[in-house]
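Q: The sequence shown lines up with residues 849 to 968 when you count with the numbering used here.
Structure in structure tokens, see below.
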Amino acid sequence: MKNTIVRYLAILRLYFSAIPLIWSIMFYLFLFRAILKIGKIPQYNMPDPKDLNFNLHYSLLFYGIPVCLLAIILYPILIAFTFRKKSPIMKELSIYFLGVIIFIIQVYIDPLGVQEWFTD
849 MKNTIVRYLA ILRLYFSAIP LIWSIMFYLF LFRAILKIGK IPQYNMPDPK
899 DLNFNLHYSL LFYGIPVCLL AIILYPILIA FTFRKKSPIM KELSIYFLGV
949 IIFIIQVYID PLGVQEWFTD
């Protein structure tokens, strides 16, 4: 029973490690689609991202922000419960830290100035 729970937590840990990176990739794909549609990098309220008719893509990104934050918080906790000396964790950690760094840069530093446009 305990091994089964640990195995499920390890699978959940693998998914949680990839969520920030997947969100970041989806965000830049949304931005790329917006640039193709309007012909320039979008700015605050020009156009509103909801008006681009990418409803599913927009909803996945918008509602994915709290999921991403939750994954960033829960992933280290899952490592604490499921870590074993023989587990191949380096790839998973690399994906996690790459995703977290890109997510933090995009959401908090916003190098292109498009996060404000997306969340307005």
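Note that beta-carbon positions come from the ideal geometry of N, C-alpha and C, so glycine has one too.
So which of 880, 943 and 862 has the shortest CA-CA distance to residue 900?
A: Out of 880, 943 and 862, 880 has the C-alpha closest to the C-alpha of residue 900.
Q: Mind the definition here: the region 945-953 touches the region 863-882 only if three or more C-beta pairs lie below 8 Å; say whether that holds.
A: Verdict: yes, contact present.
Q: Would you check if the distance between the CB atom of residue 857 and the CB atom of residue 929 is smaller than 8 Å?
A: Contact: yes.
Q: If contacts are defined as beta-carbon pairs under 8 Å, then residue 864 and residue 922 qualify, I think. What distance do you get, rounded to the angstrom?
A: Indeed they touch by this definition, with Cβ atoms about 6 Å apart.
Q: Less than 8 Å between C-beta atoms, sequence neighbours within five positions excluded: which residues of the same chain meet that for residue 860?
A: Same-chain partners within the cutoff: 926.
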